[in-house]
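**Q** Read top to bottom, the protein sequences are chains A and B.
Each number in the working numbering corresponds to the 1-based position in the first sequence with 1 added.
No gaps in the numbering here: position 149 of the second sequence is 142 in the working numbering, and each next residue is one more.
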Amino acid sequence: MAVLSIPVERYELDNGLRVSLSVDKTTPVVAVNLWYGVGSRNEREGRTGFAHLFEHMMFQGSEHVAKNRHFELVERAGGSLNASTWFDRTNYFETVPSHHLELALWLESDRMGWMLPAMTQEKLDNQRDVVMNERRQRYDNQPYGDWDEYMQAMVFPDTHPYHHTVIGSMDDIAAATLEDIGDFFETFYIPNNAVLTVCGDFDPESALGLVERYFGEIPRGEDLPPLPGDPTLEPSIGRTVREVVEAEVPLTRVYMAARVPPYTDEGFYAAEVAASVLGTGRASRLYRSLVRDRRIAKDVVTFAFPLTTGSSMFMLWATGLPSVTPDELETALDEELQDLVTVSEEEVARAVAMTETQFVRGVEQVGDRADMLSMFDRYFDDPARLNSEVDRLRAVSPGDLKLFTEAFLGTDNRAVLAYVPKGAA
Amino acid sequence: MMAASFDRSEAPVPGPIRRFDFPRVTESRMANGLDLRIVRAARFPIVTAMLILDAGEWAVDSTQAGLAVLAGDALEGGTARRSATELAEALEGIGAGLGVTTGWDATTVAVSCLAERLGEALALMAEVVLEPTFPAEEFDRVRDQRLAAIQQRAMNPSTVAGDHAARFIHADGVPFGRPVAGTEETIEPLSGDDARSWLGERYCPGGSGLVIVGDIDGGELETLVEGCFGAWSGTVEPSDPVAVTPRHERRRVEIVHRPGAVQSEIRMGHVGVSKVTPDYFSLLVYNTILGGSFTSRLNLNLREKHGFTYGVRSHFGFRRNAGPFGISMAVETAVTADAVREAMFEVETLVNDGASADEVDAARDYIVGIFPLRLETTSQLASRVGELIIYGLPDDYHATYRDRLRAVTQKETTEAGRRHVRPEEMSIVVVGDADEIRAPLEALELGPVEVHELA
């Protein structure tokens, strides 16, 4: 029996906006979640970080909503709100007490349809400063904070849209203009490039009426331009790429990455289960070997990025205990990757059991659930796929993992990035 | 620009408010003193069980600082029946993650799993807590990991700032002045014997509570819990009181020199107030206005007006004893003094002039409204119910929570702030490049400025 049975009704407005409604009256709260099909992959040369800066500008008011009013109204309603930018998409979301559903729809529709009249140079200057401080705080003033800049550049060629990070470079952030804002809005922030999910305590009929009222008259936009650069990729890096960074870090850390099938490909399930067998929990292979038995690592982390353009990225890292060298860590990680071909039924079952619990916990809140429904709508044109996702993970066999390991986790498809404490090398 | 077909300029009128009741908590006490609280929440087939132990770091002698945290970490090292690896396999084989969290007031051991696995998960949780063996090899490994984590903290500007602020705010001997997980000097000599004797004193059913939330059948549950925890015995002795006293009476600026830093990590704070203060609800409102929400005075000034920071927050560390009050932010090096000046301006203005009626309304509405948003998951509910046990709060606490917030007045808000926020007593701790920021900070004339080298 499926562990989840989340109801979803799906609609599409005349302007192309896809709408998913998922009712759950357990708690009187409702989530509104929008995924726009735009992310850092859509940024042109010289404008890295722009999709994220744009996301900040979406909170600076719109024609009928003054600056700060968006936050004031949602907070006053007792709601929470935020947004995030990622390689392939940008999402905006709020969870509010259910009698404030209309407020959330009004705010989201106003910035989808009427953002530009509220844009000013002063607001752009302010948010550029905020984003530059975000970059300083999270990347530049943070041990290992810039790892993804190195890693993305090693895994994806400079022609590929994943070559640069979501946060972008300081110079590019500084170069953004109001004209860029206008172009980006007209190109990407259109109803036919968005999916909207409403999840929680509401009446579907009246909610659909409200969605139609607030979003229905926003005109459909033009088809999206092709991605900049060359989104096609060889399935493998073709060799081991390596880099050593001497930095203000306390402990040596080795990152490894590989190209793996994209999230939308059947082959990605094996990547997810492999990440779990290697790194989820204290019975996982890397924890057991590097942390518990050999005592060379302080921590290990694995994950499979859900990316859609050409390839996705399989990632792991190990932080060394003091005096452990990057070579020792790399050798140990390499042995474990090679050894994954011997994975047992029991290990796969354990990994799936852990993933299943995490998956159910991951949809307990209407906000998280709405985000998952938007994702499955956006990437698979099928929000209800959420209910059967665990079954697809369960279907992964030790044989599948062996094939996956042989195809993707060898030294011919690998990026290795080592951070070494300054002065210790 | 596109014209709207109707007047979009007015915010929609909210619909009829729907009632929210905190879920019913069934309470009982086992013969050995364990306080059992059960909440049925059946939206998803999942359960969280959370054991609340009166074993917080506050009760640890300063010579062994970090013992409570380390003992909690080392529970994963195995039991009388299972090695560390066998234990991990047993838990993860049923999809159960076991997490141990140790703070100043309590150690919590929590497990979440599919509801059909609760019996097995609870038995394993009991085994971990009642029969841990702390084998030397495992204990030493976990201690080495903690020591490495301390080295990591020492190079992260944000944790450096937090740890220094705690030290500069509190007088010597106040536990809150030290890092919650201890220091290299206090952790290094600890052994499995220390953990065993700590557990003997503090992991007792009398003084502890077990909260179970999820898709469960209450009737069978008591039998199950009795089977797992019935043989456990003992009661926690209350620890000696320690007064929370400040290191300094007057405002000071402490710079922790980090040459070449692109940002300054700033903490501004002083000794705060206990969770059980009668001013609790007024202070929730006050803090929301000052720096507890996106539209707070601090954030609108420092982020949305000046762009000095990605975000700024103020926070009361409500604990059993008076935890610190503080403001935290990371700002670009060049605007460090400007940011401190603006933050001090907002604090002083709010203390001096008080909060406006509209601000109090908005803040109250925010905290009242957001309450059910944070009670959606089994682990959120378990944590909330667990607070009743940790802080000895009355059974009707959550049922009356929102009414008590709604009753907070403008006058109470302003007066509570004046009692508990004292700008002239703040320690202002700045981790950044002293060569760049010292002179501008001195020019603010907030008090003596001292520069400390990064340890």
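Quick reminder that beta carbons are idealized off the backbone N, C-alpha and C, glycines included.
Measure the Cβ-Cβ separation of Ser257(B) and Gly155(B) and say whether it is below 7 angstroms.
**A** In this structure, Gly155(B) does not lie closer than 7 angstroms to Ser257(B) by Cβ.
**Q** Checking the sheet assignment: what are the DSSP bridge partners for Asp300(A)?
**A** Answer is Thr320(A), bridged to Asp300(A).
**Q** Counting only C-beta atoms, is Lys299(A) closer than 7 angstroms to chain B at any point?
**A** Yes - at least one Cβ of chain B is within 7 angstroms of the one on Lys299(A).
**Q** Tell me where the beta strand (DSSP E) around His250(B) begins and ends.
**A** It spans Arg245 to His250 - the beta strand (DSSP E) in which His250(B) sits, taken as one unbroken run.
**Q** Taking only the alpha-carbon atoms, compute the straight-line gap between Arg214(A) and Pro205(A) and give it to the nearest angstrom.
**A** About 14 angstroms.
**Q** Val196(A) and Asp378(A) look like a contact to me (Cβ under 8 angstroms); what is the Cβ gap, rounded to whole Å?
**A** That pair is a contact at about 4 angstroms.
**Q** Classify Ala24(B): buried if its beta carbon has 16 or more other beta carbons within 10 angstroms, exposed otherwise.
**A** Exposed, because fewer than 16 other Cβ atoms sit within 10 Å of the Cβ of Ala24(B).
**Q** Per DSSP, which residues does Ala108(B) bridge with? Please list them.
**A** DSSP output for Ala108(B) lists no bridge partner at all.
**Q** Examine chain B for any beta-carbon lying closer than 7 angstroms to the beta-carbon of Gly282(A), and answer yes or no.
**A** At least one chain B Cβ lies under 7 angstroms of Gly282(A).
**Q** Closer than 8 angstroms by C-beta to Arg189(B): which residues in its own chain qualify, once you throw out the five before and the five after it? Chain order, please.
**A** Excluding positions up to five away in sequence, the list reads Phe127.
**Q** Taking only beta-carbon atoms, is Pro251(A) less than 7 angstroms away from chain B?
**A** Pro251(A) counts as touching chain B.
**Q** Nearest to Val199(A) by alpha carbon, out of Asp224(A), Val156(A) and Pro98(A)?
**A** The shortest Cα separation from Val199(A) among Asp224(A), Val156(A) and Pro98(A) belongs to Pro98(A).
**Q** Please look up how many angstroms separate the CB atoms of Ala272(A) and Ala319(A), rounded, as I've assumed it's under 8 angstroms.
**A** No, Ala272(A) and Ala319(A) are not in contact; Cβ-Cβ is about 19 angstroms, not under 8 angstroms.
**Q** With a Cβ-Cβ cutoff of 7 angstroms, do Ser(-2)(B) and His65(A) count as a contact?
**A** The answer is no: Cβ separation not under 7 angstroms.
**Q** Check each residue of the region 65 to 84 of chain B: if its Cβ is closer than 7 angstroms to any Cβ of chain A, include it; give the result in chain order.
**A** The residues in question are Glu69, Ala77, Thr78, Ala81 and Glu82.
**Q** Can you pull out the residues from the region 415 to 447 of chain B whose beta carbon lies closer than 9 angstroms to at least one beta carbon of chain A?
**A** Of all residues in the region 415 to 447 of chain B, none has a Cβ within less than 9 angstroms of some Cβ in chain A.
**Q** Should Pro16(B) be flagged as near chain A, meaning a C-beta pair shorter than 7 angstroms?
**A** No, Pro16(B) does not count as interfacial toward chain A.
**Q** Determine, for Met261(B), whether the minimum Cβ-Cβ distance to residues of chain A falls below 7 angstroms.
**A** Taking Cβ atoms only, chain A never reaches closer than 7 angstroms to Met261(B), which makes this a no.
**Q** Under 8 angstroms, with one C-beta from each stretch per pair, do the region 324 to 341 of chain B and the region 393 to 402 of chain B reach the 3-pair mark?
**A** The region 324 to 341 of chain B, when compared against the region 393 to 402 of chain B, does not touch it at the 8 angstroms Cβ threshold.
**Q** So, does the CB of Asn149(B) fall closer than 7 angstroms to a CB anywhere in chain A?
**A** Yes, Asn149(B) counts as interfacial toward chain A.
**Q** Can you grab the Cα-Cα spacing for the pair Tyr163(A) / Arg42(A), in whole Å?
**A** Going by the C-alpha atoms only, they are around 6 angstroms apart.
**Q** Which complete beta strand (DSSP E) runs does the region 188 to 213 of chain A hold, if anything under 3 residues is left out?
**A** Those beta strand (DSSP E) runs which fall completely within the region 188 to 213 of chain A and span 3+ residues are 195 to 201.
**Q** How about Thr406(B) and Val278(B): are their beta carbons less than 7 angstroms apart?
**A** Result yes, Cβ atoms of Thr406(B) and Val278(B) sit closer than 7 angstroms.
**Q** For Phe13(B), go through chain A and note every residue whose CB falls closer than 9 angstroms to its CB, in chain order.
**A** Residues of chain A passing the Cβ test: Thr28, Pro29, Val30 and Pro98.
**Q** What residue from Arg129(A), Thr178(A) and Glu249(A) has the CA that sits closest to Gly146(A)'s CA?
**A** Gly146(A) has its Cα closest to that of Glu249(A), out of Arg129(A), Thr178(A) and Glu249(A).
**Q** Is it a yes or a no for the region 80 to 89 of chain B touching the region 350 to 365 of chain A, going by three-plus beta-carbon pairs under 8 angstroms?
**A** Short answer: they touch.
**Q** Would the region 11 to 19 of chain B count as touching the region 20 to 36 of chain A if we require 3 or more Cβ pairs under 8 angstroms?
**A** The region 11 to 19 of chain B, when compared against the region 20 to 36 of chain A, does touch it at the 8 angstroms Cβ threshold.
**Q** So, are the CB atoms of Met152(A) and Tyr256(A) less than 7 angstroms apart?
**A** It is a contact, given that the beta carbons lie within the stated cut-off.
**Q** For Arg36(B), return the contacting residues in chain A, with the cut-off set at a CB-CB distance below 8 angstroms.
**A** Ordered by position in chain A, the residues that pass the 8 angstroms Cβ test against Arg36(B) are Asp25, Thr27 and Glu365.
**Q** Buried or exposed for Lys298(B), going by 16 or more other Cβ atoms inside 10 Å?
**A** Exposed is the call here.
**Q** Quick check on the burial criterion: 16 or more other C-beta atoms within 10 angstroms. Buried or exposed for Ala154(A)?
**A** Looking at its Cβ environment, which holds 16 or more other Cβ atoms inside 10 Å, Ala154(A) is buried.
**Q** Check the DSSP bridge columns for Arg260(B) and list the partner residues they point to.
**A** Ser321(B) and Val422(B).
**Q** Buried or exposed: which applies to Gln61(A), given that a residue is buried once 16 or more other Cβ atoms fall within 10 Å of its Cβ?
**A** Classification of Gln61(A): buried, given that the 10 Å Cβ count is 16 or more.
**Q** Going along chain B in order, which residues have a C-beta closer than 7 angstroms to the C-beta of Phe72(A)?
**A** The answer, in chain order, is Phe287 and Thr288.
**Q** What are the residues in the region 78 to 96 of chain A lying within 7 angstroms of chain B by C-beta distance?
**A** So the close ones are Ala78, Gly79, Gly80, Ser81 and Thr96.
**Q** Exposed or buried, which one is Lys423(A) when buried takes at least 16 other CB atoms within 10 Å?
**A** Lys423(A) should be labelled exposed.
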